[in-house]
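Student:
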Amino acid sequence: MRPEEIFHQIVAAIKASDDKTRLDFDDISPETAEWLYQSLYDASNNLERRRFKFCYNSDRQSLHISMPTKIHESVPLWLNGCCGLWALKGLVPDTWYEDVGTAGNPRFDNFSHPYEGSIKEPDGVMLRMGHDYPVLVVEVNWSESWAKLEEDRALWMRGFGQNAPVVILVKFSDSQNGVRGTLEIAFKRAGGTVTSRKTIWSIPDEDEEDPYILLGDIYGSSLPAGFDPLTRLPMEMSRLRRWGDELLRHMNLTSA
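Residue numbers for the sequence shown follow this note's numbering, beginning at 1 and rising by one.
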């Protein structure tokens, strides 16, 4: 398929505004991916107000275009709430809001081998002032396999070398009993990658410990004096469930 044909197929899908649509293309060169990205975001195409995500993996030469659902918004909202809670509890430095910020889906294209030429728009990121790479990344999928999410995680954790961010994967899927959800956090540690998986819905019968990240995961060697890099920053599952239920309501859905 010629680049122009791919472009028109993507534009038609975006304008159809089906938030469960995902387009997959293989054998896409980095040059074609860049041309498609620039063309889609060209102001003359009037797509700037449309909701879509562009993901190009140069190692696999695969391009994925997806239309985020309303439930995707729950995870960045949850992350913002967690940041505020850490500040209120005094777990982070007073300069936290000057040092660290969160964003929606900015473009990243500065990946190293084997992902040179990749383009990624995550569902949410945490950025540290003065750094060209994220310290935390959120990827959310609806009714897709873990394999797709794991491909995204590999890109983030290998594509930035020693500066690999914390990666949070969230998978939502609809079922006869309501929407189910699973969350998995991955960290780079001295012994390799460590993961922690939690159930969002249906709510476990027994209380589970909330997942957490470490203060050192965010600041690295730049942590101000007097703070312990092993300080746990809790990520409350109850807060994520509340936001999720609220946004599912806008989709006329309920959680399992």
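Glycine included, each C-beta is placed from N, C-alpha and C at the ideal position. Here the structure is a predicted model, which is why all the values come from computation and not from measurement.
1. Do VAL138 and ILE168 count as a contact pair if the criterion is CB distance below 8 Å?
2. Given a threshold of 16 other Cβ atoms within 10 Å of its Cβ, counted over all protein chains shown, does SER221 qualify as buried or as exposed?
3. Let me check one thing: in DSSP terms, what residues is HIS64 bridge-paired to?
4. Would you identify the three-state DSSP class for ASN141, choosing helix, strand or coil?
5. Does ASN252 get closer than 8 Å to chain C when you measure Cβ to Cβ?
6. Can you grab the Cα-Cα spacing for the pair SER202 / MET235, in whole Å?
7. Indicate the three-state DSSP secondary structure (helix, strand or coil) for ILE203 in the structure shown.
8. Tell me which same chain residues have a C-beta within less than 6 Å of the C-beta of ILE185, skipping the five on either side of it?
9. How is the beta strand (DSSP E) around TYR37 delimited, first residue to last?
10. Just tell me which of ARG232, VAL170 and THR102 has its CA closest to the CA of ARG241.
11. Going straight from the alpha carbon of ILE213 to that of PRO76, what length do you get?
12. Could you check whether the stretch 54 to 72 touches the stretch 115 to 124, counting it as contact only if at least three pairs of C-beta atoms, one from each stretch, sit closer than 8 Å?
13. Put GLY191 into one of helix, strand or coil per three-state DSSP.
Tutor: According to the structure data:
1. Within the sequence shown, numbered from 1, the residue matching residue 168 stands at position 168. Within the sequence shown, numbered from 1, the residue matching residue 138 stands at position 138. The answer is yes: Cβ separation under 8 Å.
2. Walking along the sequence shown from the start, residue 221 turns up at place 221. Answer is exposed; the Cβ neighbour count stays below 16.
3. Here residue 64 refers to the residue found at position 64 of the sequence shown. In DSSP, HIS64 forms a bridge with ASP24 and CYS55.
4. As a position in the sequence shown, residue 141 is number 141, starting the count at 1. Three-state result, ASN141: strand.
5. The structure shown contains no chain C; it is built from a single protein chain.
6. Counting from 1 along the sequence shown, the entry for residue 202 is found at position 202. Counting from 1 along the sequence shown, the entry for residue 235 is found at position 235. Going by the C-alpha atoms only, they are around 18 Å apart.
7. As a first step, residue 203 must be located in the sequence shown, where it is residue number 203. ILE203 falls in the coil class under three-state DSSP.
8. Along the sequence shown, read from residue 1 onward, the residue named residue 185 stands at position 185. These residues qualify, in order along the chain: ILE168, SER196 and PRO211.
9. As a position in the sequence shown, residue 37 is number 37, starting the count at 1. No beta strand (DSSP E) contains TYR37, which is instead part of the alpha helix (DSSP H) from 30 to 40.
10. One-based indexing of the sequence shown puts residue 241 at position 241. Closest option to ARG241, Cα to Cα, is VAL170.
11. Walking along the sequence shown from the start, residue 213 turns up at place 213. Walking along the sequence shown from the start, residue 76 turns up at place 76. Each residue's alpha carbon lies about 16 Å from the other.
12. yes
13. Looking up residue 191 in the sequence shown gives position 191. It is coil, neither helix nor strand.
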